[in-house]
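Taken in order, these protein sequences are the chains called A and B. Per the numbering used here, residue 1 is the first one in the first sequence, and the count goes up by one each step. Per the numbering used here, residue 110 is the first one in the second sequence, and the count goes up by one each step. Heads up, the beta-carbon is just placed ideally off N, CA and C, and yes, glycines get one too. Just so we're clear, the structure is a prediction, and the values are computed from it rather than from any experiment. Reading through the structure tokens given below for one structure.
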Amino acid sequence: GIQVEQSPPDLILQEGANSTLRCNFSDSVNNLQWFHQNPWGQLINLFYIPSGTKQNGRLSATTVATERYSLLYISSSQTTDSGVYFCAAKETSGSRLTFGEGTQLTVNP
Amino acid sequence: DTEVTQTPKHLVMGMTNKKSLKCEQHMGHRAMYWYKQKAKKPPELMFVYSYEKLSINESVPSRFSPECPNSSLLNLHLHALQPEDSALYLCASRPGVGLFRGAQNEQFFGPGTRLTVL
């Protein structure tokens, strides 16, 4: 099955800083999603982005499908951005979404 | 209505109890999922229902029994659980079934049920 690797595993920022999270995947995908898991466990959909670039406020994401990676950009980070960010991908021929191990983001005031 | 709901939010049960987790969505989605998530780990797929039929069972022990009574509802029946089954149980749904491109593929998650087995 597809392998999904995220980096870095942990990231600590000061409020206002920018950051880039990376997701590498091992096969062609027809689904790639970024999620933010808040401290209560809710997985919040950030982006559905099997290819291309999308922006939503301070967040943006780019997936380069031909090179099998996706990037999540967080600008002007806020303490409420803290939590775990998961990348998940489904290979084109597959039937299940495979999650990376996540990036634990801590934004300090 | 663009959300997946789960009840209860928290559940504490003994190893001899029988309980059920409930998941509901009213988005007309045709695929529904159960995931299990342990602390500091990603969600792990347990079951997939497509058009109300079980399509994937990831070799889950029989003490977990899924049920899809209709297209909006998904249950997970629990019986004779072990303490190691304590985890966050997440439900998800997806609009389309099969090899779709586009937004039919996007999965949406509920808030989860935090289960503790004593």
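Check your understanding: Are there 16 or more other CB atoms within 10 angstroms of the CB of B:K149, so buried, or fewer, so exposed?
Key -> If you draw a 10 Å sphere on the C-beta of B:K149, you find fewer than 16 other C-beta atoms in it, and that means exposed.
Practice item. Tell me where the beta strand (DSSP E) around A:S70 begins and ends. Key: For A:S70, the enclosing beta strand (DSSP E) has its first and last residue at 69-74.
Review point. Is the distance from the Cβ of B:E133 to the Cβ of B:S181 below 7 Å?
Key: With respect to B:S181, B:E133 sits close: the two C-beta atoms are nearer than 7 Å.
**Study point:** Amino acids of chain A, ordered along the chain, whose beta-carbon sits closer than 8 Å to that of B:L182
**Key:** Residues of chain A passing the Cβ test: none, with the nearest at roughly 20 Å.
Exercise for review: Take B:A140 as the anchor and find which of B:M122, B:A189, B:V169, B:K162 has the nearest alpha-carbon.
Suggested key: Residue B:K162 is the option with its Cα nearest to B:A140.
Point to revise | Contact list for the segment 39-56 of chain A against chain B, Cβ threshold 9 Å | key: The segment 39-56 of chain A vs chain B, Cβ under 9 Å: W40, G41, Q42, L43, I44, N45, Y48, P50.
Check your understanding: On the premise that A:N108 lies in contact with A:Q37, defined as a C-beta separation below 8 Å, what is that separation, rounded to the nearest angstrom?
Key -> Not really, about 19 Å apart at Cβ, beyond 8 Å.
Review point. Of all Cβ atoms in chain B, is any one closer than 7 Å to the Cβ of A:F99?
Key: Taking 7 Å as the threshold, the shortest C-beta distance from A:F99 to chain B falls below it.
Review point. Using the rule of at least 16 other Cβ atoms within 10 Å of the residue's Cβ for burial, across every protein chain shown, is B:Y198 buried or exposed?
Key: Of the other Cβ atoms in all chains shown, 16 or more fall within 10 Å of the Cβ of B:Y198; this residue is therefore buried.
Review point. If you measure from the beta carbon of A:G110 to each beta carbon in chain B, is any gap under 7 Å?
Key: For chain A, the structure presents residues 1 to 109; residue 110 of chain A sits outside this window and is missing.
Exercise for review: Return no unless some Cβ of chain A is closer than 7 Å to the Cβ of B:N166.
Suggested key: Output row for B:N166: interface = no.
Review point. Does B:F156 come within less than 7 Å of chain C when only Cβ atoms are used?
Key: Structure shown: chain C not included; protein chains present are A and B.
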